[in-house]
Amino acid sequence: GSRINGWQRMRTMLKNAHPPASGGPREHPGLFVTDACPHFLRTIPSLSRDDKNPDDVDTEAEDHVGDEVRYEVYTNVGRFAKKKVVGR
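As numbered in this note's numbering, residues 54 to 141 make up the sequence shown, in order.
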């Protein structure tokens, strides 16, 4: 359960990082990835889902970075800071 829940939370947070279609403020925590995270950008987009369990990723793939981020996102739920972003 926790692997699948962690991957789902990570997918949701990545989706929440995109601006809302309404143009209003973001209402939920997002996972923002910058070019300072080259291994995340290299491995996460190409991770395939497990053939037997599509809610999980293929553990034979290079999933180390994904596992680290998934663990942080899953274990730190509710501890994310709410900050107003001012600027651009």
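For glycine and all other residues, C-beta sits at the position ideal for the given N, C-alpha and C.
Counting the other Cβ atoms within 10 Å of the Cβ of residue 76 gives fewer than 16, which makes it exposed.
Judged by DSSP in its simplified three-state form, residue 86 adopts coil rather than helix or strand.
When C-beta atoms of the stretch 102-113 are compared with those of the stretch 77-85, fewer than three pairs fall below 8 Å, so the two segments do not count as touching.
For residue 118, the uninterrupted alpha helix (DSSP H) segment begins and ends at 117-128.
Residue state for residue 79 is assigned as coil, using DSSP reduced to three classes. Counting only the Cα atoms, residue 92 lies some 20 Å from residue 56.
In this structure, residue 100 and residue 120 do not form a Cβ contact; the two beta carbons are roughly 10 Å apart against a cut-off of 8 Å.
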